[in-house]
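Numbering (my numbering), first residue to last: 546 to 795.
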C-alpha cells in the first residue's frame with residue numbers, strides 16, 4: 546500500500562486493509578539528516594555502530610515480515626501508567642504501527658488503569674471499507690463495502706495488539722479477540738461523528754463504557770471533515786474516566 550497523506554490521498558481505498566506489518570527495506574537509515582548512513586538489513590554492524598533494533602523475521606522466506614521489539618522505555622511507561630489513551634489519527638498508518646511491536650500487546654493487557662479508545666470525528670480513506678465476512682457461495686455477487694464502525698475500529702486495535710496474522714478477511718474475523726476488555730475498557734467519540742457507534746455491541750465485547758464528548762466542526766480542509774473533539778470537554782471526559790476508575794467506578 547502506497548500511503549499518501551496529502552490532499553491527493555483522501556480518495557477512499559478500494560478495498561479494506563486486512564492488517565499492518567513491518568517489511569524490510571534494502572536500506573536502513575541509522576543516521577540523520579544529509580549525513581545518514583545506509584546499509585542492508587543483513588549487516589550486523591554499520592561503521593562500528595550496531596543496528597538500532599535487533600530486527601528478526603517472523604518466518605517465511607528471507608526478506609519477509611519483520612517483528613521489531615518495542616522500546617524498553619515504552620514498555621516501562623506502560624507498566625507504570627495510570628491510564629492508556631489511544632489517540633485519534635489514521636488508524637492503519639498512524640495508530641496501529643506502534644501497537645504491533647513485540648511486547649506492546651502484553652504490556653497493554655497488563656495495564657491496571659482504564660484503556661480509552663478515542664474514535665475519530667468521521668470516516669476517512671483508511672476506514673471507508675470494513676472487513677466483512679465473504680459472501681455465501683450461493684451469492685452471485687460480493688457483499689457491498691461498508692464503512693468501518695466503532696466495533697470494527699476496536700477490533701482492528703485488538704488484532705494489532707494480539708499480533709494476529711490473518712491472510713484474508715475471513716481469517717481476520719476468526720483471529721479477532723472476542724473479549725476486548727484486556728485492550729479497551731472505554732470508547733469515546735465526538736458527538737456527531739459519522740462513525741456508527743453501537744454502545745450495546747461494544748458492551749457485549751467487553752468495552753464497558755461508551756462516552757459521547759462535546760464536539761465542534763472540523764477545520765476546513767482537515768482530513769475527512771466531520772467534527773472534532775472540543776478540547777476542554779475531552780480533557781474533562783478523560784479526567785472523569787481516570788478518576789472514576791481510581792474511585793472504583795468502572
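Glycine is no exception: its CB is placed at the ideal position from the N, C-alpha and C atoms.
Keep in mind the model is a prediction, meaning the values are calculated, not measured.
DSSP, read as helix, strand or coil, puts residue 756 in strand. Unbroken beta strand (DSSP E) runs of no fewer than 3 residues, entirely contained in the region 604-681, are found at 629-631, 660-663, following chain order. Inclusion of residue 746 and residue 696 in the CB contact set at 7 Å is warranted, their separation being smaller than that value. At a Cβ-Cβ threshold of 7 Å, residue 721 and residue 666 do not count as neighbours. The distance from the Cβ of residue 611 to that of residue 568 is about 6 Å, consistent with a contact at the 8 Å cut-off.
Short of 6 Å from the beta carbon of residue 694, and not among the five residues preceding or following it, lie these beta carbons of its own chain, in chain order: 741. Less than 7 Å separates the beta-carbon of residue 661 from that of residue 731. For residue 719, the enclosing alpha helix (DSSP H) begins and ends at 714-720. With a contact defined as Cβ atoms closer than 8 Å, residue 676 and residue 718 qualify at about 7 Å. If you check the CB distance, residue 758 and residue 735 come in under 7 Å. Excluding residues up to 5 positions away in sequence, 633, 695, 698, 732, 733, 734, 735, 738, 740, 742 lie with their Cβ nearer than 8 Å to the Cβ of residue 664 in the same chain.
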